[in-house]
Amino acid sequence: MKKLILLCLGLAMVRLGIAQDNSADAAVVKRVADYVVAHAAFKFTGDNNQTFNSSKEIPAGVQAKISDHLSEWHYPNGVLNVAMVDLGNYLKDGKYTNFAKQHIAFAFDNYPYFEALSKNGTKYKGFPFNQLINTKVLDDCGSMGASVIDVYNTLKRADYKAYIDKAANHISKIQERLPDGTLCRPGPYKWTLWGDDLYMSVPFLARMGKLSGDNKYFDDAIAQVKHFTHYLWDEKADLYVHYYYEDLKRQGVAHWGRANGWIMLAKVQLLNNLPANHPGRNEVIADLTQQILGVAKYQAASGLFHQVLDRTDSYTETSCTAMFVYSIARAVNEGWLDKRYITIAERGWEGLVKEKIQDDGQLKDVCIGTNTSADLSFYYNRPTALNDFHGLGPVIEAGIEIMRYHANNLPKK
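Positions -19 to -1, 1 to 394 (mature numbering (1 follows the signal peptide of the UniProt record, and there is no 0)) are the ones given, in order, by the sequence shown.
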């Protein structure tokens, strides 16, 4: 009887330890997410220094801007919205899902005011919701479009569906492509393939396939993964380069961290939505596995990854580390990757918590938005910004998957 009591007590302590560990992870994630909720005002600031709750309050002749970057319409906001929906669903806390709903509603309730001004020929510095009104490249619609679909799944507004269809039409029929169908951009040179654009297209296409039931979106998404690997994968380094210049038939010079992160994230979000019986699924898993094994070789002793992945004299960067942590932990949690690789994600998360996430929930060492460049020093010297919104969504997603793993895998005695 005494041995039985001790055994039960030991099991209880193990479970308590896991709960405490998971609670600690949850506290970190919520710290980041709560900072976002507290600092997104969803308001406008006028050039008369007044604040307006909606566009209806803006007086004639007053130029206004969105009050803060967390309330803007830009691709990192889409990444953040998706993460907040995922966090709300995982923690069963409506505060986080409501953030994404409020963000989308703020844009759709107010953009017609600014659209009307633009049609009247008004010149407006930093025009609010410009990327919502004028869709020209994948940055304008892919990431935000994915988040609109996530919100639309629980809030069936007709204007949301109209936008989703518009984004689908742009990606499928308007956005520039190479002759083989690879999505590309007209800049900075005609034509340029950006690693970033796999994320700016594939997560939306995957969701559109699921929403519409039309396999053409899944097929295009899988084709993009193949194409981007063909053009951007560097077999010698086992990493992706940032870009490919079609006019020179030449890859870029840098194995930029976040570009590799965008690519990995895109594959994971494709698998999140791809039907289990789709014939291309195993090929995507193999491609993801190849990338994970490649990037793992470049993890620093701190668990973090560098701005230029294969250059240890470049700074350790938060957003790419979080993207790798999320993707690897997600792959293990979903059974796409063997459990022995979870330690890569765990060490990465530990590095983020220890070195990059502040007590107030803000993030350190997030590389700001980045163009392409032919010289490696450009990537070395790219500035970081405190709490730059390129890092927020990925850090939240990383924390969710680490929590999932710890909750579902009790340590052996």
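All C-beta atoms in this analysis are idealised placements derived from N, C-alpha and C, irrespective of residue type, glycine included.
In the three-state DSSP reduction, G27 falls in the strand class (E or B).
Sixteen is the threshold: when 16 or more other Cβ atoms of the shown chains lie within 10 Å of the Cβ of A7, as they do, the residue is buried. The beta carbons of M189 and A218 sit no closer together than 8 Å.
Inter-segment contact for the segment 264 to 275 and the segment 78 to 92 is absent: fewer than three beta-carbon pairs are separated by less than 8 Å. When DSSP states are grouped into helix, strand and coil, T270 belongs to the helix group. Shown here for A355: same chain residues with a beta carbon closer than 7 Å to its own, the five before and five after excluded, namely V234 in chain order. H287 carries a strand assignment under DSSP once its states are collapsed to helix, strand and coil. Across the structure, D90 and V265 are spaced so that their CA atoms are roughly 38 Å apart.
Annotated three-state conformation of A235 is coil, per DSSP. Within the segment 290 to 371, the alpha helix (DSSP H) runs of at least 4 residues that lie entirely inside it are, in chain order, 299 to 314, 323 to 332 and 357 to 361. By DSSP's assignment, A388 forms no beta bridge with any residue.
For A97, the enclosing alpha helix (DSSP H) covers residues G75 to K100. Your pair Y307 and A379 checks out as a contact, with CB atoms roughly 4 Å apart and the cut at 8 Å. By the neighbour-count criterion, in which a residue is buried when 16 or more other Cβ atoms sit within 10 angstroms of its Cβ, R363 is buried. Classified as buried, H55 has 16 or more neighbouring CB atoms from the shown chains inside 10 Å of its CB. Between the segment 369 to 376 and the segment 291 to 311 there are three or more C-beta pairs closer than 8 Å, enough to call the two in contact.
Rounded to the nearest angstrom, the gap between the Cα atoms of I383 and V43 is 47 Å.
Taking the CA atoms as reference points, G242 sits about 43 Å from P40. Counting the other CB atoms within 10 Å of its CB gives Q156 a total of 16 or more, which places it among the buried residues. For T210, the enclosing alpha helix (DSSP H) starts and ends at N196 to L213. By the C-beta criterion, the segment 112 to 130 is judged not to be in contact with the segment 68 to 76, since fewer than 3 inter-stretch pairs fall below 8 Å. Approximately 6 Å separates the beta-carbon atoms of A127 and G59; this is inside 8 Å, confirming the contact.
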